[in-house]
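Quick note, the sequences are listed as chains A and B, same order. Numbers 2 to 320, taken from our numbering, label the letters of the first sequence in order. Numbers 2 to 320, taken from our numbering, label the letters of the second sequence in order. Each residue gets a CB set at the ideal place from its N, CA and C atoms; glycine is no exception.
2 protein chains.
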Amino acid sequence: MIDALRADESNLYALVEEFFRSSFTTDNAIITEAVKRMLAAGGKRLRPRITLLASAACGGAPEQHLHLAAYMELIHVATLIHDDVVDNAATRRGVNATAVDFGNRVSVLAGDYLFAWIFKNVTANYPHPVPNILSATLADICDGEVLQLRALGDVDLPVDGYTEIARKKTASLFAASASCGAIMGGGSAAQIEALRKYGDNYGVAFQMNDDLLDMTADERSIGKPVGNDLTERKMTIPLVLALRAGNGAFRKRIERFYGEVDTEQIPAIVAEIAEQGGLEATQHAISGYVDRAKAALKPLPAGAAKEELIRLADALRAG
Amino acid sequence: MIDALRADESNLYALVEEFFRSSFTTDNAIITEAVKRMLAAGGKRLRPRITLLASAACGGAPEQHLHLAAYMELIHVATLIHDDVVDNAATRRGVNATAVDFGNRVSVLAGDYLFAWIFKNVTANYPHPVPNILSATLADICDGEVLQLRALGDVDLPVDGYTEIARKKTASLFAASASCGAIMGGGSAAQIEALRKYGDNYGVAFQMNDDLLDMTADERSIGKPVGNDLTERKMTIPLVLALRAGNGAFRKRIERFYGEVDTEQIPAIVAEIAEQGGLEATQHAISGYVDRAKAALKPLPAGAAKEELIRLADALRAG
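So, in structure tokens, the structure goes:
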């Protein structure tokens, strides 16, 4: 199982797809289409991967927890469907925009249906506290997303504010994926807490790396235009850290840019963020969270699953 | 308790408000404001009322199930917040439009947060199958709402199609309110099923009555413009039944009207629906569901709670 996971990333993709195809039944063609389309858009299936590895790291048999792993990915998919809801559909950019083809109303209902379907299955098949952890996680994700909306364009957002948002909107689901895998794998309280901490730190590093890729990767590899976060006036960690360097002219430049976004300026803005040390400081911050994620695994016995969790964390270390 | 419920409709309002005020904690001011505003918009709190009466009818102590009752209302509130999401905010009419003041994105997130908050509490505090019934109900509501979207302007919608939508989008939450109250009140399997059936039939009658009021009540009493359902091209039961009468000219008139809605024609359209017998046939249909709701209560012992459930059902009987 572990070897298969390591050898072939597409295995998990196939697993989630297959489970979903065989289990997600609704007579409602529009809901099914909206959900399947978002699922087919791909992704690295990191959340289910972490669930399975966490169960294995605690001595469980990961093949018994494939459904639980799939639910983790599907919670992520449901949040992506809701992310598609926009205030003006015409301005939506990027792929996967259910809202553009089906309308905002259908995006909302398809995401709600998927959440409900997941909770219906989880409450029927998993013991306390698994359903409780998943609903608390969904609350955290929403809270984080609203905090992020409020922080749009806020050049005064401190690093702590950024981290709170990343922890809630991104890391909470990684923490839940890891801790629920540990619970179902029969882990001790200390092991469950170790894996929760791993997921939490992994998730913050993951979000920071995602922010970095938005500025440094090419459009094809990330599936959206470079600097898309800047277009959306997000306060990403490279920008937050670049602003912390304290250059007044740079700050004014960002204030002007966020006052009226002009996408043609994005390459120059990214260059300035790099000049202010924002990219380098981000790599340093990611490294710190990767170290903490790995340190959290200490209570777990050595073995292939633990090694793979370490490898996944190290893969976020940029540069 | 029962006397208090009967004597003063505002008691339940106050109860849900108070529970919510003291329990719904989030540092997120935008989410809190969006949810509180929708809750403050009022309503008859019929869902929590039915939960408490169902528990009492099974011999339970309703005052022990106030929180459960409040969750029923809050599920309803969360769906209303999501109903506010529109494809073009400028065209939104009526009160309670969170989306207009806060934007679609916040409406989605506030509704999601409320769903998550409810499930977090329910999974922590209620035994199986209560959390499972609530998530299955949410799935039904979404399914029904999408079916309704698909049926907009569809003059061929049969009565069965209408009933399926009403059962899913409206009756499922009444059925859950009644059956969860019965479960927590210590009802037998037969009593729980009796109350589920009561809620199901009550809910269909409730939706039909709501459809009727949209055409016959005045704007102030229903809080939205008369004929609003016609503006939204909904296939309400008076219209479905009027079309079933088979008048070809009437059908063409409706097809033209739904081809391009002109609100000035609404009084004339309502008059034609009445002429085709749509209002009368609706009253007859409501009466049938009210009878079935009351008949479902047969396995329950006589008493104040059962009487009040009967009274609530009879109150839906129009005319």
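Query, Result
"Any C-beta of chain B under 8 Å from that of A/I267", "no"
"Contact set between the region 163-183 of chain A and chain B, restricted to residues whose Cβ is under 9 Å from the partner", "none"
"Cβ shell of B/L280 (< 6 Å), same chain only, five flanking positions each side left out", "P239"
"Any C-beta of chain B under 8 Å from that of A/S23", "no"
"Chain B within 8 Å of A/E146, Cβ atoms only", "yes"
"8 Å Cβ cutoff met for B/A183 and B/G204", "no"
"Rounded separation between A/N126 and A/V156 - CA only", "46 Å"
"Where B/K198 sits in the DSSP three-state scheme", "helix"
"Complete alpha helix (DSSP H) runs within the region 24-49 of chain B (minimum length 4 residues, chain order)", "30-41"
"A/T33: contacting residues in chain B (beta-carbon distance under 9 Å)", "What A/T33 touches in chain B: nothing, since even the nearest Cβ is about 10 Å away."
"Proximal residues to B/I142 (C-beta, below 7 Å), its chain only, five neighbours per side dropped", "T80, K169, K170, S173 and L174"
"Where the region 292-313 of chain A meets chain B: residues whose CB sits under 9 Å from a CB there", "none"
"Test item: CB-CB of A/I270 and B/D144 under 8 Å", "no"
"Interface partners of A/K121 on chain B, CB under 7 Å", "N133, S136, A137 and A140"
"Chain B residues whose Cβ lies nearer than 9 Å to that of A/F20", "In chain order: nothing, as chain B lies at least about 18 Å away."
"For A/C59, three-class secondary structure by DSSP", "coil"
"Ranges of the alpha helix (DSSP H) found wholly within the region 235-292 of chain A, counting only runs of at least 4", "238-245, 249-260 and 267-276"
"CB contact below 8 Å: B/T124 versus chain A", "yes"
"Beta carbon of A/V107 nearer than 8 Å to that of B/V147", "yes"
"Exposed unless 16 or more other CB atoms sit within 10 angstroms - verdict on B/R312", "exposed"
"Residue burial classification, A/D85 (beta-carbon count within 10 angstroms, cutoff 16)", "buried"
"Three or more C-beta pairs below 8 Å linking the region 283-296 of chain B and the region 249-258 of chain B", "no"
"Reduced DSSP category for B/A183 - H, G, I as helix; E, B as strand; rest coil", "helix"
"Reduced DSSP category for B/R94 - H, G, I as helix; E, B as strand; rest coil", "For B/R94, the pLDDT reaches just 40, beneath the cut-off of 50, and the residue's location in the model is therefore unreliable, leaving the point undetermined."
"Span of the alpha helix (DSSP H), counted from its first residue to its last, around A/D84", "L67 to D84"
"Alpha-carbon to alpha-carbon, A/T217 and B/A206", "59 Å"
"Proximity test, Cβ basis, 8 Å: B/N29 and chain A", "yes"
"7 Å Cβ cut-off: residues of chain A touching B/L109", "With the sequence shown as reference, residue 109 of chain B is identified as Val, and Leu is not the correct amino acid for it. Those within 7 Å of B/V109 in chain A are H83, V86 and V109."
"CB of A/Q277 within 8 Å of CB of A/F251, strictly", "yes"
"Delimiting residues of the alpha helix (DSSP H) encompassing A/D230", "N229 to T232"
"Neighbour flag for B/Y127 against chain A, beta carbons, 8 Å", "no"
"Where the alpha helix (DSSP H) containing A/E146 begins and where it ends", "V131 to R151"
"Cβ neighbours of A/H68 in the same chain (closer than 7 Å, five flanking residues each side left out)", "F20"
"A/E64 - containing alpha helix (DSSP H), residue span", "Segment: none, A/E64 is in no alpha helix (DSSP H) and carries neither H nor E."
"A/R318 - DSSP class collapsed to helix/strand/coil", "coil"
"Per-residue burial, B/T52 [other beta carbons within 10 Å of its own, 16 or more giving buried]", "buried"
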